[in-house]
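Quick note: the sequence shown, position 409, residue 408 per numbering that gives the first Met the number 0, numbers continuous.
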Amino acid sequence: MMSFRSWRWVAAWLQALVIIGLPFVRIHGQSALRFDVPSLRFYFFGSSFWISEAYFFLLILLLFFIGVMLVTVLYGRIWCGWACPQTTLSDFARLIDNFSRFMAGRGRKALSFMLSQAFLLIFSCFVAATLIWYFVTPYDMISEAFAFSLGPWTFGTWLFFSVLIYLNLAFVRQKFCAFVCPYARLQSTFFDEKTLTISFDPSREDECRGCEACVEACPAGIDIRAGLQVECINCAQCIDACAEKVKRFEKRSLIGYVFGLGREKDQQVSRPRVVWLSLVFALMAVLFVYQIAARVPLDFWVSNETMRMAGRDTSPGKLINRFSLRVENRSLKPATYKLRVSGLRDAELLMSANPFIIPADSSEDLSVYIVLKKQYSEKETAALWFTLEDVHNPELRITRETRFVLPLKKNNHR
Ligand code: SF4
Ligand code: SF4
């Protein structure tokens, strides 16, 4: 049977593969997952979310946090042991230590230390670059780095995070989990008497050989026999270490994953906290899916420029109002739009081209004119609606209301 350590390495390499590989994946020419700082766009698996749609980003964060809370109530610190980047990076740092010792040879501690620090520094630069790829595309960053033309912000951020990650891996590692990580502090709030934990089986205390292999194997430096502790990251190395020690006596590990007090009935999941969190999570997930499905990747704003102009009533026989439109194509493909006007009889729409094309993921400012036959009105303005429609996808349509400026009737006319 594969040890927990082997399974955790499988999880760590899969995690590395996904985190490193994802920035290279492109959908419709854009990163699968990236927040572009200059344009404030969030690219999410084929969609481009603009800053005015930040609620999508908040929904994703909320879903993530509620999901982590739910998993914590059920499975304790499974995240810490199997998915947390800090744990994974610390595991890779230990792998680098072992490799450096192997390279240096026996008894050459100074050389082993220097090799390990050099490898850790290179590794930290790579990890920092991976982090930046979620903000700057790896294609741009790699080509600019080789051409020595990285921008000062990109280079400065890369340098800063490389040093930070190096210091973390060289001097902090699992101490971060015990002394800094807020999740480690909060987890006891989510735990209940039925949560999955790694525990020493007190009913088999007399079988313990007192070999301390579990303590030596623990990256957090704790003795799990003393009970659940905040430093424990659920890495399961103590389970493997004990299993190795007691297997010669044909016994199974005295330490293991246990739901609550280890009794069968404690494994039930339907307790109030789980039900409430599951409901909130399901509701948020439905809301998120609905928002994605109902999202219109198109928007526009209109403002009447004539309102700000003096001498509005100047053209003989005609009334002309000028409008400014900002049209946003939030899809990752070029789109052809047609503009229509309604609400005013015989209104004529004048613009340079209609339909018109807006390139993918960009916006354009347009000037349009509405022309009416000369007429006078009781009111100074009349309602007018612009409708913008995607020519190839007519259900993508938005209507905005604005006002048309009219001259007042003679008796009101100043
Ligand atoms: S007690 Fe066991 S599971 Fe907890 S951190 Fe130490 S080795 Fe990992
Ligand atoms: S490894 Fe197992 S047998 Fe050895 S001290 Fe720890 S719990 Fe006891």
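Note that the Cβ used here is the ideal one computed from N, Cα and C, for glycine as well.
*asked:* Per DSSP, what are the beta-bridge partners of GLN29 in this structure?
replied: ILE26
_For ASN320: DSSP bridge partner residues_ = ILE369
*Proximity winner among PHE34, LYS193 and CYS217, relative to GLN173 (alpha-carbon distances)*: Closest by alpha carbon: CYS217.
*Coil, strand or helix - GLN14 by DSSP*: helix
_Does any residue of chain B have a CB that is nearer than 7 angstroms to the CB of PRO201?_
In summary, chain B is missing from the structure at hand, where a single protein chain is found.
*Return the CA-CA distance between ILE131 and VAL274, expressed in angstroms with no decimal places.*
Cα to Cα, ILE131 sits roughly 38 angstroms from VAL274.
*asked:* Please state whether the Cβ-Cβ distance between SER115 and ILE95 is less than 7 angstroms.
replied: yes
*State the start and end residues of the unbroken alpha helix (DSSP H) segment that holds VAL214.*
Its alpha helix (DSSP H) spans residues 212-216.
*Cα-Cα, which of LEU158, VAL370, ALA359 and ARG40 is closest to PHE403?*
VAL370
*Give a yes or no on contact between the stretch 30-50 and the stretch 160-170, applying the rule of three or more CB pairs nearer than 8 angstroms.*
no
_What does the alpha-carbon distance come out to for the pair ARG270 and THR188?_
15 angstroms
*Rounded C-alpha distance that separates SER323 from GLU363*: 10 angstroms
_Looking at THR401: is its Cβ nearer than 7 angstroms to the Cβ of ASN320?_
In this structure, ASN320 does not lie closer than 7 angstroms to THR401 by Cβ.
*Are LEU69 and PHE385 touching if we call contact CB-CB under 7 angstroms?*
no
*Put VAL404 into one of helix, strand or coil per three-state DSSP.*
strand
_Cβ neighbour criterion (16 or more within 10 Å) applied to ASN353_ = exposed
*asked:* Once DSSP output is grouped into helix, strand and coil, what is the label at GLU377?
replied: The answer is coil: DSSP assigns GLU377 none of H, G, I, E or B.
_Any non-hydrogen atom of ligand 1 closer than 6 angstroms to ALA219 Cβ_ = yes
*Taking DSSP as the reference, what is the three-state secondary structure of PHE44?*
coil
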